[in-house]
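Undergrad: In our numbering, the protein residues as written are 40 to 323. Don't be surprised by glycine CBs; every beta carbon is placed ideally from N, CA and C. Small disclaimer: the values here were computed from a predicted structure and weren't measured.
1. For residue 105, which beta-bridge partners are listed by DSSP?
2. I'd like to confirm the pairing. Which residues does DSSP put opposite residue 199 in its beta bridges?
3. Going straight from the alpha carbon of residue 141 to that of residue 151, what length do you get?
4. Opposite residue 296 in the DSSP bridges: which residues?
5. Whose CA, out of 277, 145, 198, 300, lies closest to the CA of residue 264?
6. So, with DSSP's three-state summary, where would you put residue 241?
7. Could you name the residues that DSSP lists as bridge partners for residue 308?
8. Compare the Cα-Cα distances from residue 289 to each of 199, 258, 322, 169 and report the closest residue.
9. Specify the secondary structure class of residue 236 as computed by DSSP and reduced to three states.
10. Excluding sequence positions up to five away, which residues of its chain have a Cβ less than 8 Å from the Cβ of residue 161?
11. Please say whether residue 323 and residue 172 have beta carbons closer to each other than 8 Å?
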């Protein structure tokens, strides 16, 4: 049916006919939704990744000094009080020599020394004679000897097992250094090591003198490795036949741990005095 132009114009909306694309057209949004506020995830991540605010220099200095002071108080206090507790328990109040506790601990040590490989090896060699230091001395004499008196006991020289070779004039002494002989915690004092070396080398010298007596003229010691308290060690002393006489003896020695590591070396000169006579010593 044909319509006149005026009728067609009235049928169309104002502005004429428009071509619309359903894909590209903008959807209509409710005014309520348009004005409503929603949290933006993009803003959240941008804030999380943003740099932290700068720390004030004075605050940083205070924090560093506070941590340093705290470390000094904690570790300094531990270093101040712990050695006192250790010394009080291990050195100032060891079991008295001859007490029940001391006798029991000595018995345990002498049972342990029997299982050492070096002891079993020396006992199997018929050339070695074995005895405990000062075992032939009277009980009233022992307190007047340094190693059988003040340094004895389970916390001192708990074991001094001597193996003597008469043919070679050589002695191997198995020694136990206790906690009461420490200078630094768990480390045997150098003076205690020197005393044991002096006596061990002197034992070889005196048993080599016809007079069976002598004194130390000179003793040089080189410490190679710390001697830990609470362990067994060997002290080997050898007579220098070429440089010794009936009144002068040169003896060398060394301290080793049970694994054979060298801890100390020594060389001593021992003489028989001319101006006075010494009492002959037996097995000591």
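TA: The structure says:
1. Residue 105 pairs with nothing; no bridge assigned.
2. 214
3. When the Cα atoms are used, residue 141 and residue 151 turn out to be separated by approximately 15 Å.
4. 272
5. 300
6. helix
7. Residue pairing for residue 308: DSSP places it in a beta bridge opposite 257, 289.
8. 258
9. helix
10. 167, 169, 202, 211
11. yes
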